[in-house]
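**Q** Mind having a look at this structure? Questions to follow.
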Amino acid sequence: MATPSAKAQAPVMTDLNGQTLVCLRTLTESQPAALATYIKLGGYQSLKRIVTEKTKATDIITEVKISGLRGRGGAGFPTGLKWSFMPRYFDGVKYLVCNTDEGEPGTFKDRDIIRYNPHQLIEGMTIAAYTLGARVGYNYIHGEIWQDYETFEAALMEAKAAGYLGENLFGTNFSFDLYAVHGYGAYICGEETALIESIEGKKGQPRFKPPFPASYGVFGRPTNVNNTESYASIPWIMQHGGAAFADLGVPNSGGSKLFSVSGHVEKPGNYEVKMGTPFVDLLAMAGGVWHGRKLKAVIPGGPSTAVVPASIMEATSMDYDSLSKARTSLGAGSMIVMDDSTCMVKTLHRLSYFFYEESCGQCTPCREGTGWVYRVLDRIVKGQGKMEDLDLLTDISKNISGRTICALGEAAATPVISFIKHFRAEFEYYIEHGKSMVESRAEQG
Amino acid sequence: MLSPQITEKIDYELTKYPAEQSQAAVMSALRIVQTERGWLSNESMSEVAQYLGMPEIAVMEVASFYNMYDLAPVGKYKISVCTNISCMLRNSDEIVDHLKHKLGVEFNQVSEDGKFCLKEGECMGACGGAPLMIINNHTMHEFLTPAKVDAILDELK
Numbered sequence: 001m002a003t004p005s006a007k008a009q010a011p012v013m014t015d016l017n018g019q020t021l022v023c024l025r026t027l028t029e030s031q032p033a034a035l036a037t038y039i040k041l042g043g044y045q046s047l048k049r050i051v052t053e054k055t056k057a058t059d060i061i062t063e064v065k066i067s068g069l070r071g072r073g074g075a076g077f078p079t080g081l082k083w084s085f086m087p088r089y090f091d092g093v094k095y096l097v098c099n100t101d102e103g104e105p106g107t108f109k110d111r112d113i114i115r116y117n118p119h120q121l122i123e124g125m126t127i128a129a130y131t132l133g134a135r136v137g138y139n140y141i142h143g144e145i146w147q148d149y150e151t152f153e154a155a156l157m158e159a160k161a162a163g164y165l166g167e168n169l170f171g172t173n174f175s176f177d178l179y180a181v182h183g184y185g186a187y188i189c190g191e192e193t194a195l196i197e198s199i200e201g202k203k204g205q206p207r208f209k210p211p212f213p214a215s216y217g218v219f220g221r222p223t224n225v226n227n228t229e230s231y232a233s234i235p236w237i238m239q240h241g242g243a244a245f246a247d248l249g250v251p252n253s254g255g256s257k258l259f260s261v262s263g264h265v266e267k268p269g270n271y272e273v274k275m276g277t278p279f280v281d282l283l284a285m286a287g288g289v290w291h292g293r294k295l296k297a298v299i300p301g302g303p304s305t306a307v308v309p310a311s312i313m314e315a316t317s318m319d320y321d322s323l324s325k326a327r328t329s330l331g332a333g334s335m336i337v338m339d340d341s342t343c344m345v346k347t348l349h350r351l352s353y354f355f356y357e358e359s360c361g362q363c364t365p366c367r368e369g370t371g372w373v374y375r376v377l378d379r380i381v382k383g384q385g386k387m388e389d390l391d392l393l394t395d396i397s398k399n400i401s402g403r404t405i406c407a408l409g410e411a412a413a414t415p416v417i418s419f420i421k422h423f424r425a426e427f428e429y430y431i432e433h434g435k436s437m438v439e440s441r442a443e444q445g
Numbered sequence: 446m447l448s449p450q451i452t453e454k455i456d457y458e459l460t461k462y463p464a465e466q467s468q469a470a471v472m473s474a475l476r477i478v479q480t481e482r483g484w485l486s487n488e489s490m491s492e493v494a495q496y497l498g499m500p501e502i503a504v505m506e507v508a509s510f511y512n513m514y515d516l517a518p519v520g521k522y523k524i525s526v527c528t529n530i531s532c533m534l535r536n537s538d539e540i541v542d543h544l545k546h547k548l549g550v551e552f553n554q555v556s557e558d559g560k561f562c563l564k565e566g567e568c569m570g571a572c573g574g575a576p577l578m579i580i581n582n583h584t585m586h587e588f589l590t591p592a593k594v595d596a597i598l599d600e601l602k
């Protein structure tokens, strides 16, 4: 089941009505990653049409704006708007970068795109390159998924040999070279400017913004950075129209979305559903809470989004606005499900270690603050906590937030603040008794 | 000296970047050297620096920043187990305990026969297959159980 092309553990790829959606549409086929499979589904036809008919770049950007596509890496910034920031005229090479560096716990959707539908990503990036005038592209892939990196490199070779990448595509003067590059174990490289530093062969420490990558990116050249799922949605949008994509979702959240469901569910995996799908339906697709247990809490978009107790989550739908109303966010769609046996203190303790370990060390509030938070939680878990530690944790976190170059500061602060806010009694019990409330309950039967 | 097998692979990586940006290939070069030699000694990093025409300290900065590079020997097989939240919720602790017991090591230790090293990994971006581990940075094993871990270890000679 670890082989890249195996479908044994393939995620479910349809919505509740059994309809095949966008980014994982090849999964209904026996050889999902093969070029022939993608061609059969109409793949590379949009690219050919655009390049040979010399479609105007502004028309493509307009279509992407109509689609309502928002950055799928977590920030949710409108993709069409981002594209319009790239300078049209620039004397020299412009770059296109794809962010497949999934390192936020619970996030594994882009992995399935590069191993099950790599050609749709290649076509999406090539259409973007045509639109933005980029000559060279890089897909930066998370270090630990080496087998999937190789699958993607093989797909690049295949696309090049078939004339979908490289010099003078379809006999026109449009050329685009696309390469795979790999990370080697640094969460911070999911931040776009850290990722750019890493492509350049440096430590992945985020740059000050501005200047934004659109004016100063890879090797100091104008660069457009998007998430894998964002690029992979482009061919579908060009094939079926921006309006059709927008109609899949709900207002302000166009299209479909991949949700990586992990934790306490019967069938963890990726589920591609329409934006606005009720949380309870998504949970049901993932087989519900495992072992017939009760739902306790959900982190809907990865640990950098606030944890939500079951009762609120069960009344929520999976789209930007609904989750914002639930005082959390969609993030990258990395839904971590926790059943009623979960100790929230120990869970936060583990997350705090992650942010401490992965802080790049550049900004003092994050470098020192994440370590401080971890050490306080560590003493609570070891039974040496004090009641005032809870306010201290919140206070440190609020002082990290907003005082750093990149968003890792906010990402580290959010779980601390939200866990303590929603599950304060559990933290108080742990401090008072020196042990976990849920584990004590389980022992008492 | 870097072997021809190594330089051939580094040269392929260099084709991805503009000629004057050879430093960009340092991440790949370090991976390739580590895969060939097991870990990155100061000498190995110096050789990479020389080959790519960049300062040694810049190579060291990269090698020490990214956690999949090993700056000390890690035995024949480095086993990195993810213990982050999605794996933790699916009992990665049980896998870690099993590995520690079976190999007779704690995290960051090499087994007495020099064969295995156990590392605690951070999120590997494959949480749907939790709990999971990677061997020598290249081979991922998902949906682990103690029995499955035994079967995998038996294959590693």
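One line per chain: the protein sequences are F and Z, in this order. Numbering of the first sequence is given in our numbering, commencing with residue 1 and proceeding in unit increments. Numbering of the second sequence is given in our numbering, commencing with residue 446 and proceeding in unit increments. For every residue, glycine included, the Cβ atom is placed at its ideal position computed from N, Cα and C. Please read all numbers here as calculations on a predicted model, not as lab measurements.
#1: Taking 8 angstroms as the threshold (beta carbon to beta carbon), is Gly143(F) in contact with chain Z?
#2: Quick one: Cα of Gly450(F) to Cα of Ala162(F), how far?
#3: Would you verify that the beta carbon of Gln147(F) is, or is not, closer than 8 angstroms to some beta carbon of chain Z?
#4: May I ask you to list, following chain order, the residues of the region 540-572 of chain Z that have a beta carbon less than 9 angstroms from some beta carbon of chain F?
#5: Does Cys568(Z) come out as helix, strand or coil in the three-state DSSP assignment?
#6: Identify each residue in the region 475-498 of chain Z for which the Cβ-Cβ distance to at least one residue of chain F is less than 7 angstroms, and report them in chain order.
#7: Is the region 535-551 of chain Z touching the region 487-506 of chain Z, taking contact as three or more C-beta pairs under 8 angstroms?
#8: Let me confirm a value: Tyr89(F) is counted as buried when at least 16 other C-beta atoms fall within 10 Å, else exposed. Which label applies?
#9: Pull out every residue of the region 257-281 of chain F whose Cβ sits closer than 7 angstroms to any Cβ of chain Z, in chain order.
#10: By alpha-carbon positions, which one of Asn529(Z), Ser473(Z), Ser531(Z) ends up nearest to Ile455(Z)?
#11: How is Glu561(Z) classed by DSSP in three states: helix, strand or coil?
#12: How far does the alpha helix (DSSP H) with Ile113(F) in it reach, from first residue to last?
#13: Pick helix, strand or coil for Leu178(F), following the three-state DSSP scheme.
#14: Indicate whether His119(F) and Leu35(F) have their beta-carbon atoms separated by less than 8 angstroms.
#15: Check Tyr462(Z) in the structure and name its three-state DSSP category.
#16: List the DSSP bridge partners of Ser260(F).
#17: Looking at Glu358(F): is its Cβ nearer than 8 angstroms to the Cβ of Tyr187(F)?
#18: Alpha carbon to alpha carbon, what distance is there between Ile597(Z) and Asn224(F)?
#19: Would you kindly work out how many angstroms separate the C-alpha atoms of Thr404(F) and Tyr216(F), rounded to a whole number?
#20: By alpha-carbon positions, which one of Ala494(Z), Leu485(Z), Asn582(Z) ends up nearest to Gly201(F)?
#21: Less than 8 angstroms between the C-beta atoms of Asn99(F) and Asn227(F), yes or no?
#22: Determine the DSSP secondary structure at Cys532(Z), reduced to helix, strand or coil.
#23: Just how far apart, CA to CA, sit Leu392(F) and Val376(F)?
#24: Taking only beta-carbon positions, decide if Asn397(Z) is within less than 8 angstroms of chain F.
#25: Specify, as a first and last residue, the run of the beta strand (DSSP E) that His586(Z) falls within.
#26: So, under 8 angstroms CB-CB, Phe279(F) and Met318(F) are touching, yes? Tell me the CB distance rounded to an integer number of Å.
#27: Spell out whether any CB of chain F is found under 8 angstroms from the CB atom of Ile502(Z).
#28: Give a yes or no on whether the C-beta atoms belonging to Met387(F) and Ile420(F) are separated by under 8 angstroms.
#29: Apply the 10 Å Cβ neighbour rule to Lys82(F) and answer buried if 16 or more other Cβ atoms are within range, or exposed otherwise.
#30: As a quick exercise: from Gln384(F), Gly263(F), Asn173(F), pick the residue whose alpha carbon is nearest that of Asp340(F).
#31: Could you pull out every residue in the same chain whose Cβ sits closer than 6 angstroms to the Cβ of His182(F), ignoring the five residues on either side in sequence?
#32: For Glu102(F), which residues in chain Z fall below 7 angstroms Cβ to Cβ?
#33: Which residues does DSSP pair with Asp339(F) in a beta bridge?
#34: Please decide whether Arg111(F) counts as near chain Z, where near means a Cβ-Cβ distance under 8 angstroms.
#35: Alpha carbon to alpha carbon, how far is Leu96(F) from Met125(F)?
#36: Just verifying my parser: in three-state terms, what is the DSSP assignment at Lys523(Z)?
**A** Taking the coordinates as given:
#1: As a working mapping, residue 143(F) is identified with position 143 in the first sequence. Output row for Gly143(F): interface = yes.
#2: Residue 450(F) falls outside the range modelled here, since chain F spans only 1 to 445, and no answer is possible.
#3: Residue 147(F) sits at position 147 when you count from the first residue of the first sequence. Cβ-Cβ to chain Z under 8 angstroms: yes for Gln147(F).
#4: Gly566, Glu567, Cys568, Met569, Gly570, Ala571, Cys572
#5: Indexing the second sequence from 1 puts residue 568(Z) at position 123. DSSP places Cys568(Z) in coil when its eight states are reduced to three.
#6: Arg476
#7: no
#8: Numbered from its first residue, the first sequence carries residue 89(F) at position 89. Exposed: under 16 other Cβ atoms inside 10 Å.
#9: Ser260, Ser262, Gly263, His264, Pro268, Gly269, Asn270
#10: For the purposes of this step, residue 455(Z) is identified with residue 10 of the second sequence, where counting begins at 1. A check of alpha carbon separations from Ile455(Z) across Asn529(Z), Ser473(Z), Ser531(Z) identifies Ser473(Z) as the nearest.
#11: To locate residue 561(Z), count along the second sequence from 1; it is residue 116. Before going on, a small fix: residue 561(Z) reads as Phe here, not Glu. Strand, per DSSP.
#12: Numbered from its first residue, the first sequence carries residue 113(F) at position 113. Run containing Ile113(F): 109-116, per the alpha helix (DSSP H) assignment.
#13: Against the first sequence, residue 178(F) aligns to sequence position 178. DSSP, reduced to helix, strand and coil, places Leu178(F) within a strand of the structure shown.
#14: Position 119 of the first sequence holds residue 119(F). Position 35 of the first sequence holds residue 35(F). Against a cut-off of 8 angstroms, the Cβ pair of Leu35(F) and His119(F) comes out as a contact.
#15: Stepping through the second sequence from its first residue, residue 462(Z) is reached at position 17. Here Tyr462(Z) sits in coil by DSSP.
#16: One-based indexing of the first sequence puts residue 260(F) at position 260. Note: Ser260(F) sits in a beta bridge opposite Asn270(F), Ser334(F).
#17: Taking the first residue of the first sequence as position 1, residue 358(F) is located at position 358. Taking the first residue of the first sequence as position 1, residue 187(F) is located at position 187. Going by C-beta atoms, Glu358(F) is nearer than 8 angstroms to Tyr187(F).
#18: One-based indexing of the first sequence puts residue 224(F) at position 224. One-based indexing of the second sequence puts residue 597(Z) at position 152. One C-alpha to the other measures close to 42 angstroms.
#19: The residue labelled residue 404(F) in the question sits at position 404 within the first sequence. The residue labelled residue 216(F) in the question sits at position 216 within the first sequence. When rounded, the distance between both Cα atoms is 20 angstroms.
#20: Indexing the first sequence from 1 puts residue 201(F) at position 201. Closest by alpha carbon: Ala494(Z).
#21: The sequence position of residue 99(F) within the first sequence is 99, counting from 1. The sequence position of residue 227(F) within the first sequence is 227, counting from 1. Contact flag set, yes.
#22: Here residue 532(Z) corresponds to residue number 87 of the second sequence, with the count starting at 1. Note: Cys532(Z) maps to helix in three-state DSSP.
#23: Counting from 1 along the first sequence, the entry for residue 392(F) is found at position 392. Counting from 1 along the first sequence, the entry for residue 376(F) is found at position 376. About 9 angstroms.
#24: For chain Z, the structure presents residues 446 to 602; residue 397(Z) sits outside this window and is missing.
#25: Taking the second sequence and counting its residues from 1, the one referred to as residue 586(Z) is at position 141. Per DSSP, His586(Z) belongs to the beta strand (DSSP E) from 584-586.
#26: Position 279 of the first sequence, counted from the first residue, corresponds to residue 279(F). Position 318 of the first sequence, counted from the first residue, corresponds to residue 318(F). Indeed, because the Cβ distance is near 6 angstroms, the residues count as touching under 8 angstroms.
#27: The residue you call residue 502(Z) lines up with position 57 of the second sequence. Cβ-Cβ to chain F under 8 angstroms: no for Ile502(Z).
#28: Stepping through the first sequence from its first residue, residue 387(F) is reached at position 387. Stepping through the first sequence from its first residue, residue 420(F) is reached at position 420. Contact: no.
#29: Counting from one through the first sequence, the residue named residue 82(F) turns up at place 82. Buried, by the Cβ-count rule.
#30: The residue you call residue 340(F) lines up with position 340 of the first sequence. Distances from the alpha-carbon of Asp340(F) to those of Gln384(F), Gly263(F), Asn173(F) put Gly263(F) closest.
#31: Numbered from 1 along the first sequence, position 182 holds the residue referred to as residue 182(F). Excluding the 5 residues flanking it on each side, His182(F) has same chain C-beta neighbours closer than 6 angstroms at Ile141, Gly143, Tyr149, in chain order.
#32: Taking the first residue of the first sequence as 1, we reach residue 102(F) at position 102. Here the neighbours are Gly570.
#33: Counting from 1 along the first sequence, the entry for residue 339(F) is found at position 339. Answer by DSSP bridge pairing, in chain order: Leu295(F).
#34: Within the first sequence, numbered from 1, the residue matching residue 111(F) stands at position 111. Against chain Z, the CB of Arg111(F) has a partner CB under 8 angstroms away; the residue lies at that interface.
#35: For the purposes of this step, residue 96(F) is identified with residue 96 of the first sequence, where counting begins at 1. For the purposes of this step, residue 125(F) is identified with residue 125 of the first sequence, where counting begins at 1. In a straight line, the C-alpha of Leu96(F) is about 8 angstroms away from that of Met125(F).
#36: The sequence position of residue 523(Z) within the second sequence is 78, counting from 1. Lys523(Z): strand per DSSP, three-state reduction.
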